[in-house]
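Engineer: According to mature numbering (1 follows the signal peptide of the UniProt record, and there is no 0), the sequence shown holds residues -28 to -1, 1 to 527 in order.
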Amino acid sequence: MKRQDFSRRLRPLALAVLLSVGATAAHADDREALERLRQTTLNIINALVETGVLTRERANELIRDAEAKAEFQVRLAREKAGELPPPGEEKKPAPVRVQYIPESTKKEIRDQIRKEVLSQAREEHWADPNVLPSWLDKIKLGGDILTRYQFDNYDSTNTKPRDYVYSSPGATTRQGNFANTGDSVGNTTDDMSQLRLRVRLAADIKMSKDTTAGLRIASGNSDSRVSTTQTLGSTFNKYSLWLDRGFIKHSLSDYFHLSAGRMANPFASSDLVWDDNINFDGLSLNVRDRLADGFVPYATMGVFPLATESQPKTGFSRTLLAAQIGAANDLSAKTRGSLGLAYYRYRNLEGRPDGDSSYLPTQTNSYGNTEYSSSQRQKGNTLVRLNAPSDSSTTNIWGLASKFAPLHLGSSLDYARSDTLHFVASADFVKNMAFDRNEIEKRTGVRLTDGSATGYQFRMLVGTPAVRKKSEWNASLTFRRLGSDAVPDAFAEGTLGGGGTNVRGYIMGFNYGVDSGTVLGFKYLSGSSIDSPTTRNSSDKFRLNTWQMDLGVGF
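1) Who are the near neighbours of Arg234 in its chain, counting only those whose CB is closer than 8 Å to its CB and skipping five residues on each side?
2) Below 8 Å on the Cβ atoms is my contact criterion, and I expect Ala373 with Val418 to pass it. Report the Cβ-Cβ distance as a whole number of Å.
3) Are Trp370 and Thr145 closer than 9 Å when you measure CB to CB?
4) Measure how close the beta-carbons of Ser456 and Ser242 come, nearest whole angstrom, since I'm counting them as under 8 Å.
5) Does DSSP classify Ile35 as helix, strand or coil?
6) Under DSSP, the alpha helix (DSSP H) around Arg409 begins and ends at which residues?
7) Can you say whether Ser390 is buried or exposed, counting buried as having 16 or more other CB atoms within 10 angstroms of its CB?
8) Residues in its own chain within less than 6 Å of Ala174 by CB, not counting five upstream and five downstream?
9) Can Leu169 and Thr119 be called in contact, C-beta distance under 9 Å?
10) Count the CB pairs spanning the segment 309 to 319 and the segment 346 to 357 that are closer than 8 Å, and state whether there are at least three.
11) Would you mind stating whether Gly524 and Gly493 have Cβ atoms separated by less than 9 Å?
12) Across which residues does DSSP place Ala295 in a beta bridge pair?
13) Which residues share a DSSP beta bridge with Ile189?
14) Determine the burial state of Leu433: buried for a count of at least 16 other Cβ atoms within 10 Å of its Cβ, exposed for fewer.
15) Hey, how far is the Cα of Leu379 from the Cα of Lys403?
16) Under 6 Å Cβ to Cβ from Gly466, same chain only, skipping five residues before and after it: list those, please.
17) In terms of DSSP beta bridges, what is Asp265 paired with?
18) Using 8 Å for Cβ pairs, my map puts Asp124 next to Met164. What's the rounded Cβ distance?
19) Whole angstroms is fine: what's the gap from Ser304's alpha carbon to Val396's?
20) Who are the Cβ neighbours of Leu14 in its own chain at under 6 Å, not counting the five residues just before and after it?
21) What residue range is occupied by the uninterrupted beta strand (DSSP E) comprising Ile369?
22) Cutting at 6 Å between CB atoms, please list the residues of its own chain near Ile117, excluding the five before and the five after it.
23) In three-state DSSP terms, what is Ala232?
24) According to DSSP, is Asn249 helix, strand or coil?
25) Report back the beta-carbon spacing between Arg515 and Ser504 to the nearest angstrom; my notes put them in contact at under 8 Å.
26) Inspect the beta-carbon positions of Phe376 and Leu321 and report whether they are closer than 9 Å.
27) Just the C-alpha distance for Arg440 and Arg86, rounded to the nearest angstrom, thanks.
28) Should Phe482 and Ala438 be called a contact, given that it needs their Cβ atoms to be closer than 9 Å?
29) Just tell me which of Gly24, Asp261 and Thr280 has its CA closest to the CA of Asn341.
30) What number of angstroms, rounded off, separates the C-alpha of Ser310 from the C-alpha of Asn301?
31) Need the endpoints of the beta strand (DSSP E) that Lys495 sits in, please.
32) What did DSSP end up calling Arg451 once you bin it into helix, strand or coil?
33) Buried or exposed, going by whether 16 or more other CB atoms sit within 10 Å of the CB of Pro284?
34) Does the Cβ of Ile412 have 16 or more other Cβ atoms within 10 Å, making it buried, or fewer, making it exposed?
35) In chain order, what residues of the same chain lie with their CB nearer than 6 Å to the CB of Gln84, ignoring the 5 residues before and after it?
36) Run through the segment 415 to 489 for me and flag every whole beta strand (DSSP E) of 3 or more residues, listed as ranges in chain order.
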C-alpha cells in the first residue's frame, strides 16, 4: 500500500474521532473529559505526522475543520437548552447527529493504525534511518573458512624418484610430475606435514524472479584446478584470491534453466569422476520437473571450452560436450533414491606426435599444440612422448595417449531414520568409451600392455548428511578403484594416493558440529597405484597414506 493511499484511508478515521469529541462535549459539560479526549486526538494526529502518513499542513487543516464542526454542534446544543438566544426568523439548519464511538472502538482504531503504519515502515525502511537500503535484500552472501593440518606418509617401499625419469624414446608413463627435460620433480619418499587454509566468499544477486547472478572468490593458486586450499608458510607474506565462479542463471520457464559463465558443476556426480572443487566454464541447460508424489526427472546438457584455438591457427580447440539424464524419487516417507547416467565427450584432448599425417601435415615441430602440460595434469593418465623420433632435443613434450569419452552411472539411496540420523549408500561406475589400444598404437606407435579404462566407487554414510549445527555428526567409509585412463586425471579427486587416476584405496571420515556453523573433521586416506607409474618396469609402485584434521566455519 502506497503512503498516499494510506493517508487517504486514515483521514476519515481521524475525523470520526474528532467528531466524537464534539458529540461528547455537546452532551456533557465535563471540561476535564473534553480536554482529555482533545489531547488523545491531537496525539494520534501528531503520530501520523511523525511517521510521514500526514503532512503538518494537512493535519492542521483536519484539526481546524473538526474544531469548526464541533463548535457548531455545541452551539446547537446550547440553543436547544435555552442558553443562547434564538437566531432570527431565518430557517434553522437541521441538527447534525454524530454517532457515539465507544472507547473500545477508539482503541481498536488506534491499534489498527499503529499496526499498518509499522508494517509499512518495515517494508519501506523509512521508520528506522539505520536500516540498510532495500536493494541489499536482493543479495545473499555465503562462504566458509577452513583450517587444516595434513600429514602425508609415503610408503618406504615406493619407487625412488630417480626411477621415474624418462629414458627410452617412444615410452609411456603415468607419472604426472615431469619437467620438460624428462626429470622427475615429484616426491615419493619424504613424509610431509602441512598447515593449510581455505577461504571462500560467494554472493548471489536476485535480479528478478527468473534471473540470478552469482560470483565467488577463493584462495589457492592458479596451478591447481582441484583445490582452493592454500599451504601456509610464506614468511608472513600475503596470499592470493582468485575468481572461482562468475555466472548468470536464467529460468526460461518453471522447467528450463540456463546458466552461462563459470559455474558450479551442473551435473549430479561424485568424486569418482569430478573433484568437488571443479567449476565449469561455458553454457549449461537444465530441464527439471516434479511429477507424481516426489518423482523428479531431469536432464542436463552443456558445452564447455577447455582451450581455444590460437591465431593464426596452429591447433584445434579443446572442448567438453556433456549430457546427463536421471531422476530422484521418494520411495517412501523416509527413503529417497536417485539414479543418473552421464556422457562426457572431450574433443582434441589426446596428444598427436610430431609428424602425424592426420594433424597439420604441412607444419613441422607441431607436437606442442596437443601437449598435456605439467600445469594441467595430476598423475595417473597414460602419457606418450610427442617429439618426433628424430628429435634429439632434451625438451620432451608429453601428451595423452588415449582419447576420452567417459560414461558415468551413479546411484544413491538415503534412508532417514530421523532428521539427524540418515543411512546413505551410493555406488558409481565409469568407463572411458574412447579407450582403444589399437587406435593408440596406430596414432602414437606405442602398444599399451597395461592400463585401465574403468573405475568404480562405493560409499556408506551414517549421521547427518551435511553437518551444520551443534552436536550434529556423520561418519563415512569409501572404497575407490579408478583406472589409469577412465577419466582425465586433471579433474579427478586430488587427495587419495596423491590425487589423479591409476589409484585404489579407501577413505574414512568423521565430522562433528562443535558449534552452530562450526565443524571439526577427521579424515584418513590410504591409496596406492594400480599399474606401474614409471617407464622402468611393471613392478614399480606408489603408496601414500594421508591424515587430515579440519576446523571449519560456514555462513
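Cβ atoms here follow ideal geometry from the backbone N, Cα and C, with glycine treated the same way.
Structural biologist: So, from the listed chains and residues:
1) To locate residue 234, count along the sequence shown from 1; it is residue 262. For Arg234, where only same-chain residues beyond five positions count, the Cβ hits under 8 Å are Leu215, Asp216, Arg217, Gly218, Phe219, Asn251, Phe252 and Asp253.
2) Locating residue 373 in the sequence shown gives position 401, counting from the first residue. Locating residue 418 in the sequence shown gives position 446, counting from the first residue. Between Val418 and Ala373 the Cβ distance is about 7 Å, and since that is below 8 Å, they are a contact.
3) On the sequence shown, residue 370 is found 398 positions in, with the first residue counted as 1. On the sequence shown, residue 145 is found 173 positions in, with the first residue counted as 1. In this structure, Thr145 lies closer than 9 Å to Trp370 by Cβ.
4) Working through the sequence shown from its first residue, we reach residue 456 at position 484. Working through the sequence shown from its first residue, we reach residue 242 at position 270. Taking a contact as a CB-CB distance under 8 Å, the pair Ser456 and Ser242 does not count as one, their CB atoms being some 19 Å apart.
5) Taking the first residue of the sequence shown as position 1, residue 35 is located at position 63. Helix.
6) Locating residue 409 in the sequence shown gives position 437, where the first residue counts as 1. From DSSP, the alpha helix (DSSP H) with Arg409 extends over Arg409 to Thr416.
7) Locating residue 390 in the sequence shown gives position 418, counting from the first residue. With fewer than 16 other Cβ atoms within 10 Å, it is exposed.
8) Mapped onto the sequence shown, residue 174 falls at position 202. So the qualifying residues of the chain are Gly114, Gly115 and Arg188.
9) Taking the sequence shown and counting its residues from 1, one reaches residue 169 at position 197. Taking the sequence shown and counting its residues from 1, one reaches residue 119 at position 147. Cβ atoms of Leu169 and Thr119: closer than 9 Å.
10) The way I'd put it, the segment 309 to 319 doesn't touch the segment 346 to 357; fewer than three beta-carbon pairs between them come closer than 8 Å.
11) Residue numbering aside, residue 524 sits at position 552 when the sequence shown is read from its first letter. Residue numbering aside, residue 493 sits at position 521 when the sequence shown is read from its first letter. With respect to the 9 Å criterion, Gly524 and Gly493 are classified as neighbours on the basis of their beta carbons.
12) Position 323 of the sequence shown, counted from the first residue, corresponds to residue 295. According to DSSP, which records beta bridges pairwise, Ala295 is partnered with Met273 and Tyr315.
13) On the sequence shown, residue 189 is found 217 positions in, with the first residue counted as 1. Answer is Leu173 and Leu215.
14) Within the sequence shown, residue 433 is the residue found at index 461, counting from 1. A buried status is given to Leu433, since no fewer than 16 other beta-carbon atoms sit within 10 Å of its beta-carbon.
15) By 1-based counting over the sequence shown, the position of residue 379 is 407. By 1-based counting over the sequence shown, the position of residue 403 is 431. C-alpha separation (whole angstroms): 5 Å.
16) Position 494 of the sequence shown, counted from the start, is the residue given in the question as residue 466. Counting only residues of its own chain and dropping the five nearest sequence neighbours on each side, Gly466 has a CB closer than 6 Å to the CB of Val198, Ser199 and Asp247.
17) Here the question's residue 265 lines up with position 293 in the sequence shown. The beta-bridge partner set that DSSP reports for Asp265 is empty.
18) Mapped onto the sequence shown, residue 124 falls at position 152. Mapped onto the sequence shown, residue 164 falls at position 192. With 8 Å as the limit, Asp124 and Met164 qualify as a contact, their Cβ atoms being about 5 Å apart.
19) Taking the first residue of the sequence shown as 1, we reach residue 304 at position 332. Taking the first residue of the sequence shown as 1, we reach residue 396 at position 424. Roughly 15 Å separates the two Cα atoms.
20) Numbered from 1 along the sequence shown, position 42 holds the residue referred to as residue 14. Nothing meets the Cβ criterion.
21) As a position in the sequence shown, residue 369 is number 397, starting the count at 1. No beta strand (DSSP E) contains Ile369, which DSSP labels as neither H nor E.
22) Taking the sequence shown and counting its residues from 1, the one referred to as residue 117 is at position 145. Val171 and Val525.
23) Along the sequence shown, read from residue 1 onward, the residue named residue 232 stands at position 260. Residue state, collapsed to three classes: strand.
24) For the purposes of this step, residue 249 is identified with residue 277 of the sequence shown, where counting begins at 1. Asn249: coil per DSSP, three-state reduction.
25) By 1-based counting over the sequence shown, the position of residue 515 is 543. By 1-based counting over the sequence shown, the position of residue 504 is 532. The beta carbons of Arg515 and Ser504 sit about 13 Å from each other, so the pair does not count as a contact at 8 Å.
26) The residue given as residue 376 occupies position 404 in the sequence shown. The residue given as residue 321 occupies position 349 in the sequence shown. Yes, they are a contact pair.
27) Residue numbering aside, residue 440 sits at position 468 when the sequence shown is read from its first letter. Residue numbering aside, residue 86 sits at position 114 when the sequence shown is read from its first letter. Put simply, the backbone Cα of Arg440 is about 39 Å away from that of Arg86.
28) Within the sequence shown, residue 482 is the residue found at index 510, counting from 1. Within the sequence shown, residue 438 is the residue found at index 466, counting from 1. Contact: no.
29) What you label residue 341 is simply residue 369 of the sequence shown in a count that begins at 1. The shortest C-alpha separation from Asn341 is found at Thr280.
30) Locating residue 310 in the sequence shown gives position 338, where the first residue counts as 1. Locating residue 301 in the sequence shown gives position 329, where the first residue counts as 1. Taken atom to atom, the span from the alpha-carbon of Ser310 to that of Asn301 is near 6 Å.
31) The residue you call residue 495 lines up with position 523 of the sequence shown. Lys495 -> beta strand (DSSP E) spans Thr490 to Ser501.
32) Here residue 451 refers to the residue found at position 479 when the sequence shown is read from its first residue. According to the sequence shown, residue 451 is Phe rather than Arg. Strand at Phe451.
33) For the purposes of this step, residue 284 is taken as the residue at position 312 of the sequence shown. In this prediction, Pro284 has a pLDDT of 46, which is less than 50 and means its spatial position is unreliable; nothing more can be read from the coordinates.
34) On the sequence shown, residue 412 is found 440 positions in, with the first residue counted as 1. With at least 16 other beta carbons inside 10 angstroms of its own, Ile412 counts as buried.
35) As a first step, residue 84 is located in the sequence shown; it is residue number 112 there, counting from the start. None.
36) List check, beta strand (DSSP E) in window: 426 to 435, 445 to 454 and 475 to 487.
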